[in-house]
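Residue numbers (the numbering used here), protein chains in the order written: chain E, 1 to 115; chain W, 1001 to 1113. Built from N, CA and C at the ideal position, the CB exists for glycine as well. A quick note: this is a predicted structure, and the numbers were derived from the prediction, not measured.
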Amino acid sequence: KAGVTQTPRYLIKTRGQQVTLSCSPISGHRSVSWYQQTPGQGLQFLFEYFSETQRNKGNFPGRFSGRQFSNSRSEMNVSTLELGDSALYLCASSSGGGWAGSPLHFGNGTRLTVT
Amino acid sequence: GDSVTQMEGPVTLSEEAFLTINCTYTATGYPSLFWYVQYPGEGLQLLLKATKADDKGSNKGFEATYRKETTSFHLEKGSVQVSDSAVYFCALVYGGSQGNLIFGKGTKLSVKP
């Protein structure tokens, strides 16, 4: 069974640009969540989608948005990039039964560098 | 608000040494608790979990017990290997299926041969 696939693995953008990251969950998983990982803040929850609907949202500005398609694939978009957005962005999928009952499976992440 | 506090690393041990990584939490209600591991260049993997007080999660020789009285979920392993070198994250989730997952800052473990 293929794991969670994130593309691209690396991205370099300049301030003010926008970026779109992609995540393909494990087949059959309907929940996709996104996290930002930085050395200073650690892992922070961005948002979670289930059956094309945003189910949970973390404490990030509106520049961070996402969506989920009918095949459960998800994209995350960051507009008007800032230097502080440089981070590893991780996507995770689960069968959607709630985190206690269905553990998260993470992708290897997309490393975004903003210059 | 709810939070997870882990011991700061890095932790460096010799092979076959005993490992403890401390984790304490603050939460209203009764969260589920997890340990995730991140090997170099990879995403996180679930290592073990416990969903109620006194539950013991175990996997790959690692163990952690959900202690409600001390709000702790310390990770232990009796004999570490070089292959255990990774970053370990303690995490909690509250609110059932609508909850948010909260991670600790992570503890980097290096095991020397």
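Need the endpoints of the beta strand (DSSP E) that Ser1014 (chain W) sits in, please. As a working mapping, residue 1014 (chain W) is identified with position 14 in the second sequence. Element bounds for Ser1014 (chain W): Val1011 to Ser1014.
What residues from the stretch 1036–1060 of chain W come within 9 Å of chain E, judged by C-beta to C-beta, listed N to C? For the stretch 1036–1060 of chain W, residues whose beta-carbon sits nearer than 9 Å to a beta-carbon of chain E comprise Tyr1036, Gln1038, Gly1041, Glu1042, Gly1043, Leu1044, Gln1045, Leu1046, Lys1049 and Thr1051.
Bridge partner(s) assigned by DSSP for Glu1139 (chain W): The shown model of chain W, from 1001 to 1113, leaves out residue 1139 (chain W), and the question about it has no answer.
Inter-residue Cα distance where the pair is Pro1010 (chain W) and Thr1020 (chain W): Taking the second sequence and counting its residues from 1, the one referred to as residue 1010 (chain W) is at position 10. Taking the second sequence and counting its residues from 1, the one referred to as residue 1020 (chain W) is at position 20. Rounded to the nearest angstrom, the two C-alpha atoms are 13 Å apart.
May I ask which residues mark the beginning and end of the beta strand (DSSP E) holding Leu104 (chain E)? For the purposes of this step, residue 104 (chain E) is taken as the residue at position 104 of the first sequence. Leu104 (chain E) -> no beta strand (DSSP E), and no H or E assigned at all.
Counting only the same chain and skipping the five closest in sequence on each side, list residues whose C-beta sits under 6 Å from that of Gln41 (chain E). For the purposes of this step, residue 41 (chain E) is identified with residue 41 of the first sequence, where counting begins at 1. Counting only residues of its own chain and dropping the five nearest sequence neighbours on each side, Gln41 (chain E) has no CB closer than 6 Å to any other CB.
Would you list, in sequence order, the uninterrupted beta strand (DSSP E) runs of no fewer than 3 residues that lie entirely inside the stretch 42–99 of chain E? The stretch 42–99 of chain E contains these whole beta strand (DSSP E) runs: 42–50, 53–57, 64–68, 74–78 and 87–94.
Residues of chain W with CB under 7 Å from Pro103 (chain E), in chain order? Here residue 103 (chain E) refers to the residue found at position 103 when the first sequence is read from its first residue. Listed along chain W, the residues sitting closer than 7 Å to Pro103 (chain E) by beta-carbon distance are Leu1046 and Lys1049.
For Lys1060 (chain W), is the classification buried or exposed, using 16 other Cβ atoms within 10 angstroms of its Cβ as the cut-off for buried? Residue 1060 (chain W) sits at position 60 when you count from the first residue of the second sequence. By the neighbour-count rule (16 or more Cβ atoms within 10 Å), Lys1060 (chain W) is not buried but exposed.
Where do the ends of the beta strand (DSSP E) carrying Ala1091 (chain W) lie? In the second sequence, the residue the question calls residue 1091 (chain W) occupies position 91. According to the DSSP assignment, Ala1091 (chain W) belongs to the beta strand (DSSP E) that extends over Ala1086 to Val1093.
Which residue comes first and which comes last in the beta strand (DSSP E) that contains Gln17 (chain E)? Locating residue 17 (chain E) in the first sequence gives position 17, where the first residue counts as 1. Segment: none, Gln17 (chain E) is in no beta strand (DSSP E) and carries neither H nor E.
Note down, in chain order, all residues in the stretch 1019–1034 of chain W with a beta-carbon under 7 Å from any beta-carbon belonging to chain E. Residues Ser1032.
Does the stretch 1045–1054 of chain W come into contact with the stretch 1101–1112 of chain W, if we say contact requires no fewer than three beta-carbon pairs (one atom in each stretch) closer than 8 Å? Output reads no: the stretch 1101–1112 of chain W does not touch the stretch 1045–1054 of chain W.
Contact defined as beta carbons within less than 8 Å: I believe Ile12 (chain E) pairs with Thr113 (chain E). What is the distance between those atoms, to the nearest angstrom? If you number the first sequence from 1, residue 12 (chain E) lands on position 12. If you number the first sequence from 1, residue 113 (chain E) lands on position 113. A Cβ-Cβ separation of about 5 Å places Ile12 (chain E) in contact with Thr113 (chain E) under the 8 Å criterion.
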